[in-house]
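Quick mapping for you: the protein sequence lines, in order, are chains P and S. Position one of the first sequence corresponds to residue 1 (the working numbering), numbered consecutively onward. Position one of the second sequence corresponds to residue 1 (the working numbering), numbered consecutively onward. For every residue, glycine included, the Cβ atom is placed at its ideal position computed from N, Cα and C. In this text, all values refer to a predicted model and were calculated from it rather than measured experimentally. See below for the structure under consideration.
Protein chains: 2
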Amino acid sequence: MPDSMKSTLRTMGENARTAARLIGRAETGAKNQALLAIAAALEASASILISENQRDLEAGRQNHIDSAMLERLELTLARINAMADGVRQVAALPDPVGEITHLTYRPSGIQVGKMRVPLGVVGIIYESRPNVTADAAALCLKSGNACILRGGSESIHSNQAIADCIRFGLKSVGLPADAVQLIPTTDRAAVGELLQLDNFIDVIVPRGGKGLIERIMAESRIPVIKHLDGICHVYIDDHCDLEKAQRIAINAKTQRYGVCNAMETLLVARRIAPIVLPELAKQLIEKGVELRGCPKTREIVPEASAATQEDWDTEYLAPILSVRVVADMDEAMDHIHQHSSGHTESIVTEDYSRARRFLREVDSSSVMVNASTRFADGFEYGLGAEIGISTDKLHARGPVGLEGLTSQKFVVLGDGHIRS
Amino acid sequence: MPDSMKSTLRTMGENARTAARLIGRAETGAKNQALLAIAAALEASASILISENQRDLEAGRQNHIDSAMLERLELTLARINAMADGVRQVAALPDPVGEITHLTYRPSGIQVGKMRVPLGVVGIIYESRPNVTADAAALCLKSGNACILRGGSESIHSNQAIADCIRFGLKSVGLPADAVQLIPTTDRAAVGELLQLDNFIDVIVPRGGKGLIERIMAESRIPVIKHLDGICHVYIDDHCDLEKAQRIAINAKTQRYGVCNAMETLLVARRIAPIVLPELAKQLIEKGVELRGCPKTREIVPEASAATQEDWDTEYLAPILSVRVVADMDEAMDHIHQHSSGHTESIVTEDYSRARRFLREVDSSSVMVNASTRFADGFEYGLGAEIGISTDKLHARGPVGLEGLTSQKFVVLGDGHIRS
Numbered sequence: 001m002p003d004s005m006k007s008t009l010r011t012m013g014e015n016a017r018t019a020a021r022l023i024g025r026a027e028t029g030a031k032n033q034a035l036l037a038i039a040a041a042l043e044a045s046a047s048i049l050i051s052e053n054q055r056d057l058e059a060g061r062q063n064h065i066d067s068a069m070l071e072r073l074e075l076t077l078a079r080i081n082a083m084a085d086g087v088r089q090v091a092a093l094p095d096p097v098g099e100i101t102h103l104t105y106r107p108s109g110i111q112v113g114k115m116r117v118p119l120g121v122v123g124i125i126y127e128s129r130p131n132v133t134a135d136a137a138a139l140c141l142k143s144g145n146a147c148i149l150r151g152g153s154e155s156i157h158s159n160q161a162i163a164d165c166i167r168f169g170l171k172s173v174g175l176p177a178d179a180v181q182l183i184p185t186t187d188r189a190a191v192g193e194l195l196q197l198d199n200f201i202d203v204i205v206p207r208g209g210k211g212l213i214e215r216i217m218a219e220s221r222i223p224v225i226k227h228l229d230g231i232c233h234v235y236i237d238d239h240c241d242l243e244k245a246q247r248i249a250i251n252a253k254t255q256r257y258g259v260c261n262a263m264e265t266l267l268v269a270r271r272i273a274p275i276v277l278p279e280l281a282k283q284l285i286e287k288g289v290e291l292r293g294c295p296k297t298r299e300i301v302p303e304a305s306a307a308t309q310e311d312w313d314t315e316y317l318a319p320i321l322s323v324r325v326v327a328d329m330d331e332a333m334d335h336i337h338q339h340s341s342g343h344t345e346s347i348v349t350e351d352y353s354r355a356r357r358f359l360r361e362v363d364s365s366s367v368m369v370n371a372s373t374r375f376a377d378g379f380e381y382g383l384g385a386e387i388g389i390s391t392d393k394l395h396a397r398g399p400v401g402l403e404g405l406t407s408q409k410f411v412v413l414g415d416g417h418i419r420s
Numbered sequence: 001m002p003d004s005m006k007s008t009l010r011t012m013g014e015n016a017r018t019a020a021r022l023i024g025r026a027e028t029g030a031k032n033q034a035l036l037a038i039a040a041a042l043e044a045s046a047s048i049l050i051s052e053n054q055r056d057l058e059a060g061r062q063n064h065i066d067s068a069m070l071e072r073l074e075l076t077l078a079r080i081n082a083m084a085d086g087v088r089q090v091a092a093l094p095d096p097v098g099e100i101t102h103l104t105y106r107p108s109g110i111q112v113g114k115m116r117v118p119l120g121v122v123g124i125i126y127e128s129r130p131n132v133t134a135d136a137a138a139l140c141l142k143s144g145n146a147c148i149l150r151g152g153s154e155s156i157h158s159n160q161a162i163a164d165c166i167r168f169g170l171k172s173v174g175l176p177a178d179a180v181q182l183i184p185t186t187d188r189a190a191v192g193e194l195l196q197l198d199n200f201i202d203v204i205v206p207r208g209g210k211g212l213i214e215r216i217m218a219e220s221r222i223p224v225i226k227h228l229d230g231i232c233h234v235y236i237d238d239h240c241d242l243e244k245a246q247r248i249a250i251n252a253k254t255q256r257y258g259v260c261n262a263m264e265t266l267l268v269a270r271r272i273a274p275i276v277l278p279e280l281a282k283q284l285i286e287k288g289v290e291l292r293g294c295p296k297t298r299e300i301v302p303e304a305s306a307a308t309q310e311d312w313d314t315e316y317l318a319p320i321l322s323v324r325v326v327a328d329m330d331e332a333m334d335h336i337h338q339h340s341s342g343h344t345e346s347i348v349t350e351d352y353s354r355a356r357r358f359l360r361e362v363d364s365s366s367v368m369v370n371a372s373t374r375f376a377d378g379f380e381y382g383l384g385a386e387i388g389i390s391t392d393k394l395h396a397r398g399p400v401g402l403e404g405l406t407s408q409k410f411v412v413l414g415d416g417h418i419r420s
């Protein structure tokens with residue numbers, strides 16, 4: 001590791017810390033103006049963004065990156081406009097910073113409440129999708145945080161051009177450009193240095209895979225908003241509306257495959273399995289879904305192959321579904337307790353008491369009744385946008401929007417009060 | 001490390017995880033009954049508790065532990081009654097678990113809200129104060145968490161006797177005794193094993209000193225609710241009520257010395273320093289407080305010795321106060337930004353705009369106007385009790401009570417809704 005890298009990252013950390021203090025106290029109006037200026041700059045710079053993106057695409061093709069990645073990497077005029085619109089939508093969201101709640105008088109005479117405050121400096125490590133540069137920066141800016149961004153190396157030129165627009169927008173309204181800094185190198189060692197900046201970075205949001213998160217956990221003392229697997233379950237209770245069950249299961253599995261909130265395992269109550277599974281299996285197979293079932297499932301659905309023990313712990317992110325017949329809701333909840341990644345689980349039932357118990361007892365970041373797991377998403381939840389989905393228990397859980405990028409401090413108002 | 005210790009701790013972890021599921025879903029009434037049964041068992045076992053405590057005290061005297069520690073270690077009838085009362089007070093607090101907030105309809109038709117849920121398994125490492133065994137267990141139990149307790153080795157017999165009462169109380173109402181487990185050895189290696197149980201423990205609350213917290217940060221992947229130093233500041237603004245300033249400064253420094261929310265540094269605006277400092281210094285010196293001042297302070301208060309750079313970063317926990325004269329509130333906030341541990345800061349001012357800015361811009365877990373820093377406490381804030389004071393930014397900040405031992409998951413209610 002060259003010393004210059006260490007010192008570059010350290011300087012970025014110091015600059016972020018300084019900028020965080022300024023952006024943390026910035027008024028809502030100033031932050032919104034900056035966001036609108038950033039959106040305008042992105043649109044005005046479309047031709048530069050596209051030509052810088054071409055450099056990334058060419059390098060990507062030379063390095064034989066796969067077509068799905070190239071597709072995600074590409075910036076078009078429509079995508080640039082969508083990116084700018086996304087930034088404007090963040091401007092339109094309410095500012096979480098400074099909100100005081102629960103301000104009440106205590107018997108001692110003091111008033112005690114909680115004020116929502118920024119976390120400080122957020123480090124974000126993300127895949128090669130240039131739009132994340134704008135999305136993540138906008139969310140951090142609105143929530144009063146400075147950020148240090150590290151995008152996938154394949155998108156470095158696109159990201160730099162987008163970061164230039166962001167910094168231009170910040171400066172144009174008198175806010176510090178260093179509130180948003182992009183690591184200016186594709187050198188992988190830079191991530192290692194970033195992870196050592198625990199004096200300067202308050203939280204890291206890794207949007208890469210499990211390997212990245214485990215590396216951060218092992219190497220860094222900085223807290224992480226983790227997003228691990230999404231092994232999501234739908235449980236079809238025997239007391240359910242069959243039509244809703246079909247609809248939800250089909251949607252949860254097939255509406256999109258490569259997403260963390262897609263269903264990976266279907267659990268069906270024994271009493272209703274012979275009724276619900278044949279037609280559901282037929283529809284899933286027609287949509288090209290491969291079924292892997294427990295022995296009882298295979299009695300009902302002979303087309304299903306045998307699920308192995310590993311299947312219950314696998315996030316397919318593909319048109320594959322494991323299916324298990326369970327005795328009842330308790331067995332379903334036991335299965336979920338054992339195999340779920342804690343992301344999202346849904347029960348399909350018309351039974352009031354079971355719905356009430358499932359909501360309380362299932363320990364995942366989103367727990368649903370009669371709804372598709374695909375709803376587990378910051379936009380669908382009304383957070384406006386999301387920077388990730390946390391499967392952690394501390395701090396933020398589930399989709400992380402503006403509020404997840406803030407914390408609360410206590411405020412105390414007195415009039416010369418002392419403790420006796 | 002003997003393998004048996006590893007396996008003992010692992011078994012405790014597994015048992016805690018199983019108990020956590022049961023205690024997490026337990027009804028409020030059952031948890032409260034358990035708490036009342038525990039309180040009754042503590043009182044009924046007073047003679048056993050006192051005789052077990054005698055064993056600890058004798059061993060402590062033989063090992064020449066200091067008199068302050070012996071004093072904290074001692075259990076008397078009055079202390080046992082106070083401990084039982086503390087448990088009853090926790091029973092009287094509202095149950096945070098299961099509370100659903102912000103349940104609103106989304107444009108898609110689903111309802112989305114947040115439900116407060118236990119964290120799971122809490123590991124608590126604490127000093128040799130037997131009452132913490134009961135306090136910590138009561139808070140974990142009420143918040144639906146299982147806990148693994150590791151008290152100071154000097155209090156092992158007292159802690160075991162208290163834990164026996166707690167487990168008896170849990171069993172007597174049909175709740176799992178393993179919801180509260182005490183590590184049954186004084187072997188220091190047990191802490192190392194505890195720190196490796198990241199599959200079983202969701203959060204660690206260390207109540208020891210900085211060394212313990214740094215050890216945990218270095219050795220463990222388990223998230224920590226950290227409590228580092230309390231370097232608390234009071235800033236006396238030039239636009240203040242002199243009588244309030246005196247009262248608050250005296251109380252913040254002298255009401256108790258060895259506590260984290262005592263003032264360690266006093267900042268005084270230049271314009272008012274010659275007026276406020278002479279009388280305040282006189283009173284502090286009369287109370288036996290040693291003053292260490294900046295050059296300007298020493299011009300006004302010749303009795304003050306010269307503060308070194310190190311003084312501004314020191315938590316005295318003693319009758320010592322560092323005093324610095326600053327130009328204005330901005331310089332005071334800069335000093336706080338640079339030297340505060342992020343625990344508690346207070347401004348004394350009658351100026352509305354400065355109070356408003358101080359509350360917003362000072363980045364500490366408690367920020368106060370015209371109140372003594374000594375109020376930064378779970379009881380004073382109405383949390384009912386506290387398990388610690390967090391100087392962290394993520395998750396809990398400030399005094400951590402029942403709510404700090406919980407998290408929120410999303411709940412989604414639909415009627416067959418799917419994502420389009």
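Asked, Found
"Measuring straight from C-alpha to C-alpha, what distance separates valine 239 of chain P and methionine 368 of chain P?", "According to the sequence as given, residue 239 of chain P is histidine; it is not valine. Taking the straight line from one Cα to the other gives about 16 Å."
"Do leucine 359 of chain P and valine 428 of chain S have their beta-carbon atoms positioned less than 9 Å apart in this structure?", "Absent from the structure is residue 428 of chain S, since the part of chain S shown begins at 1 and ends at 420."
"Taking Cβ-Cβ distances shorter than 8 Å, what residues in chain P pair up with asparagine 15 of chain S?", "Near asparagine 15 of chain S there are no residues of chain P at all, since even the closest Cβ is about 15 Å away, more than 8 Å."
"Which residues in chain P have a C-beta closer than 8 Å to the C-beta of lysine 409 of chain S? List them in chain order.", "Asp363, Ser364, Ser365, Ser366, Val367, Arg397 and Gly398"
"Alpha carbon to alpha carbon, how far is leucine 182 of chain S from glycine 401 of chain P? Give it in angstroms, no decimals.", "39 Å"
"Give the residues of chain S in contact with phenylalanine 375 of chain P, contact being defined as C-beta atoms less than 9 Å apart.", "Arg106, Ser108, Ile110, Val112, Val412, Gly414, His417, Ile418 and Arg419"
"Just curious, the beta strand (DSSP E) that glutamate 290 of chain P is in, first and last residue?", "290-293"
"When the Cβ atoms of the region 288-300 of chain S are set against those of the region 268-275 of chain S, are three or more pairs found closer than 8 Å?", "yes"
"Should methionine 217 of chain P be flagged as near chain S, meaning a C-beta pair shorter than 9 Å?", "yes"
"Please list the partners that aspartate 241 of chain S has in chain P, where partner means a Cβ-to-Cβ separation under 7 Å.", "Gly416"
"Between tyrosine 381 of chain P and chain S, is there a C-beta pair that is closer than 9 Å?", "yes"
"Spell out a yes or no on whether the region 313-331 of chain P and the region 250-268 of chain P are touching, meaning 3 or more CB-CB pairs, one atom from each, closer than 8 Å.", "yes"
"Ordered along the chain, which non-local residues of its own chain (more than five positions away) have a Cβ less than 6 Å from that of serine 305 of chain P?", "Arg292"
"Beta carbons nearer than 8 Å to chain P: which residues of the region 333-345 of chain S have them?", "His337"
"Can the beta-carbon of valine 117 of chain S be found closer than 9 Å to that of lysine 409 of chain S?", "yes"
"Given the structure, does alanine 20 of chain S come close to the ligand ADP, in the sense that its CB is under 8 Å from one of the ligand's heavy atoms?", "Questions concerning the ligand ADP fall outside what the structure shown contains, since it holds no ligand whatsoever."
"What residue range does the beta strand (DSSP E) around histidine 339 of chain S cover?", "It is not in any beta strand (DSSP E) - histidine 339 of chain S instead sits in the alpha helix (DSSP H) that spans 329-339."
"Hey, could you find the ends of the beta strand (DSSP E) phenylalanine 379 of chain S is sitting in?", "Segment: none, phenylalanine 379 of chain S is in no beta strand (DSSP E) and carries neither H nor E."
"What does DSSP give as the partner residues of threonine 101 of chain S in its beta bridges?", "S:Lys114"
"Report the start-end ranges of each alpha helix (DSSP H) in the region 155-240 of chain S that is 4 residues or longer and not cut off at the edges.", "156-172, 189-194 and 210-219"
"Just to confirm my understanding: we take arginine 421 of chain S, look at its own chain, exclude 5 residues before and 5 after, and list those with CB closer than 7 Å. What are they?", "The structure shown has nothing for residue 421 of chain S, since chain S only spans 1 to 420."
"Looking at C-beta atoms only, is the number of pairs between the region 66-86 of chain P and the region 126-134 of chain P that lie closer than 8 Å three or more?", "yes"
"For aspartate 468 of chain P, report the span of its alpha helix (DSSP H) as first-last.", "Residue 468 of chain P falls outside the range modelled here, since chain P spans only 1 to 420, and no answer is possible."
"Cβ closer than 7 Å: which chain P residues qualify as neighbours of arginine 25 of chain S?", "Arg360 and Glu361"
"Give, in chain order, every residue of the region 187-207 of chain P whose Cβ lies closer than 8 Å to some Cβ of chain S.", "Asp202 and Val203"
"Kindly give me the distance between the Cβ atoms of isoleucine 110 of chain P and phenylalanine 375 of chain S, rounded to whole angstroms, as I take these residues to be in contact under 8 Å.", "6 Å"
"If contact means a Cβ-Cβ distance below 7 Å, which residues of the region 157-185 of chain S contact chain B?", "Among the protein chains in the structure shown, which are P and S, there is no chain B."
"Which complete alpha helix (DSSP H) runs does the region 43-94 of chain P hold, if anything under 4 residues is left out?", "46-62, 67-73 and 77-92"
"Strictly under 9 Å for the Cβ-Cβ distance: is leucine 394 of chain P near chain S by that measure?", "yes"
"Note down, in chain order, each residue of its chain lying with its Cβ closer than 7 Å to the Cβ of alanine 245 of chain S, except the 5 sequence neighbours on either side.", "Ile236, Val276 and Val348"
"Residues in the same chain with beta-carbon distance under 6 Å from isoleucine 201 of chain P, minus the five sequence neighbours each way, listed in chain order, please.", "Val121, Gly123 and Ile222"
"Mind checking if arginine 433 of chain S is an interface residue toward chain P, Cβ cutoff 9 Å exclusive?", "The structure shown does not extend to residue 433 of chain S, since chain S spans only 1 to 420, so no value can be given for it."
"What are the residues in the region 316-333 of chain S lying within 9 Å of chain P by C-beta distance?", "none"
"Between the C-alpha atoms of serine 143 of chain S and threonine 133 of chain S, what's the straight-line distance to the nearest angstrom?", "16 Å"
"So for glycine 152 of chain S, helix, strand or coil by DSSP?", "coil"
"Please report the straight-line C-alpha distance between leucine 212 of chain S and aspartate 198 of chain P, rounded to a whole angstrom.", "18 Å"
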